[in-house]
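Below is one structure, written out as structure tokens; comments come after it.
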Amino acid sequence: MKKLCILFRSAPQGTVKGREGLDLALLSASFEQEVSLVFVDEGVLHLLKDQQPELIGGKDYISTFKALPLYDIESVFVCKQSLAEYGLSHGLLSIPVTVVNDEAISAHLKSVDEVLVF
Amino acid sequence: MILHHIQTSPNRDNALKLCLRYACKEDAILLSSDGVNALLLRQWAMALSPFKLMVLKDDVIARGLTERLSNVCLIDYNEFVAQALLHDKVITW
Amino acid sequence: MALLLGPFLLLMSKFIIQVNGPAYGTSASVNALRFTQAALMGGHQVVCVFFYQDGVYNSTDFSLPASDEYDVVEHWQQLAVQHRVPLVNCVSAALRRGIVSEQDANENALNHWNVSQSFIMGGLGELITSIESADRLISF
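Chains as they are written, first to last, in the working numbering: chain A, 1 to 118; chain B, 1 to 93; chain C, 1 to 140.
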């Protein structure tokens, strides 16, 4: 078992990076890896509630984030500074997350075995 | 110790900016592909200066930047492999 | 312990290489190939080269660079044969991008397929088990 961190830095909808990152996160968890998610920069936009990707030909993979606890993915960290930059308050987010500062993210990246950036 | 790997230009992509935000002072940064262009811009060269910095040699030579980047640490692929193992992990941003 | 482990890792280590960029359009694939060649020449093992996201475009036999151009796909294929390194596509990433093996074509009643024999259609599970068994993951 390895500690795998999936880091989301790209926005949802415009590219499929987030979707392919989430696919990997869920599969890693079902392969019994210790998976954590980190959202930074535009990646924090994945966490907004009330998204409707079907309107623009996308698949609603965003709602799959609600299933993270079923996969035992409990470590979901969000960069405090990125949330502030994009003007997002806690109330706008769709799932429970741990809001952390830059130092905490640095420490987390250091603590895991591998980091995959999407 | 992490080896941060940047492959994209800082003018096109936020990879370098994010790497610098979360890198620790003992980490190293490797620039490859258009990532090497960061060193031509004063603001990024300054931001990179506190870190141990490596640049992929062939990507510098291919871009005609050998003279312009004469004072940086150029590495070949054998050294890239060695550095990947010397560090605890490689994060490609 | 660390003193003993360090040099040992340098002598013979296991890599998993992830390629996320296409064969033509960015340099990610060429850089990944050159890293893989250097790792193998240095006596290391490459557990697998995993093609994900736009990396699956490296597996099509229908890429036809001009005769005087560097053919990165051909070099991946040669490397796979010479060093017995598995080249593994993420099948779901591939099918969504029109990258289809003979078996996928049969299953979907298609008359054509484009994935080279050198590539294995696998799943993300193979990426994960390879990460688990390797000392280092390097993504391009």
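Heads up, the beta-carbon is just placed ideally off N, CA and C, and yes, glycines get one too.
Quick caveat: nothing in here was measured; it's all calculated off a predicted structure.
Would residue i pass as an interface residue toward chain B - the criterion being a Cβ-Cβ separation below 8 Å?
i: residue 13(C); result: yes
i: residue 110(A); result: yes
i: residue 114(A); result: yes
i: residue 72(A); result: no
i: residue 117(A); result: yes
Would you say the beta carbon of residue i is closer than 7 Å to some non-hydrogen atom of the ligand FMN?
i: residue 53(B); result: In the structure shown, the ligand FMN is absent, as is every other ligand, since no ligand is present at all.
In this structure, what does DSSP give as the bridge partners for residue i?
i: residue 136(C); result: 15(C)
i: residue 28(B); result: 3(B) and 52(B)
i: residue 5(A); result: 36(A) and 115(A)
i: residue 51(C); result: 19(C) and 89(C)
i: residue 98(A); result: 77(A)
i: residue 115(C); result: 60(C)
Should residue i be flagged as near chain A, meaning a C-beta pair shorter than 8 Å?
i: residue 98(C); result: no
i: residue 129(C); result: yes
i: residue 139(C); result: yes
i: residue 52(C); result: yes
i: residue 2(B); result: yes
i: residue 25(C); result: no
i: residue 125(C); result: yes
Just to confirm the assignment, what range does the beta strand (DSSP E) spanning residue i have?
i: residue 114(A); result: 114-117
i: residue 75(A); result: 75-79
i: residue 122(C); result: 119-122
i: residue 17(B); result: Residue 17(B) -> not in any beta strand (DSSP E); alpha helix (DSSP H) instead, spanning 15-22.
i: residue 100(C); result: Careful: residue 100(C) lies outside any beta strand (DSSP E) and carries neither H nor E.
What is the residue span of the alpha helix (DSSP H) that residue i lies within?
i: residue 80(B); result: 77-86
i: residue 41(C); result: 28-41
i: residue 64(B); result: No alpha helix (DSSP H) holds residue 64(B); DSSP gives it neither H nor E.
To the nearest angstrom, how far is it from the Cα of residue i to the Cα of residue j?
i: residue 107(C); j: residue 95(C); result: 12 Å
i: residue 35(B); j: residue 55(A); result: 36 Å
i: residue 38(C); j: residue 11(C); result: 13 Å
i: residue 31(C); j: residue 32(B); result: 9 Å
i: residue 6(B); j: residue 24(C); result: 19 Å
i: residue 37(B); j: residue 78(B); result: 22 Å
i: residue 115(B); j: residue 47(C); result: Lying outside 1 to 93, the shown extent of chain B, residue 115(B) is not represented and no answer is given.
i: residue 5(A); j: residue 110(C); result: 38 Å
i: residue 66(B); j: residue 75(B); result: 12 Å
i: residue 118(A); j: residue 108(A); result: 17 Å
i: residue 142(C); j: residue 3(A); result: Residue coverage of chain C in this structure runs from 1 to 140, which leaves residue 142(C) outside it and unanswerable.
Would a check of beta-carbon distances place residue i closer than 8 Å to chain C?
i: residue 89(B); result: yes
The segment 28-39 of chain A: positions lying closer than 8 Å to chain C by Cβ | 28, 31 and 33
Can you pull out the residues from the segment 76-110 of chain A whose beta carbon lies closer than 7 Å to at least one beta carbon of chain B? 102, 105, 106, 109 and 110
When Cβ atoms are compared, which residues of the segment 2-26 of chain A fall closer than 8 Å to chain C? 2, 4, 16, 17, 20, 23 and 24
Taking a Cβ distance cut-off of 9 Å, strictly less, list which residues of the segment 13-42 of chain B are near chain A, in chain order. 14, 15, 17, 18, 21, 22, 23, 24 and 27
Notebook entry, point to check: Can you list, in chain order, the residues of the segment 27-50 of chain C whose Cβ is nearer than 8 Å to any Cβ on chain E?
Noted result: The structure shown contains no chain E; its protein chains are A, B and C.
By the 9 Å beta-carbon criterion, what residues does the segment 68-92 of chain B contribute toward chain A?
88, 89, 90, 91 and 92
Requested in this report: Could you please tell me which residues of the segment 66-95 of chain C, in chain order, have their CB closer than 7 Å to any CB of chain B?
Outcome: none
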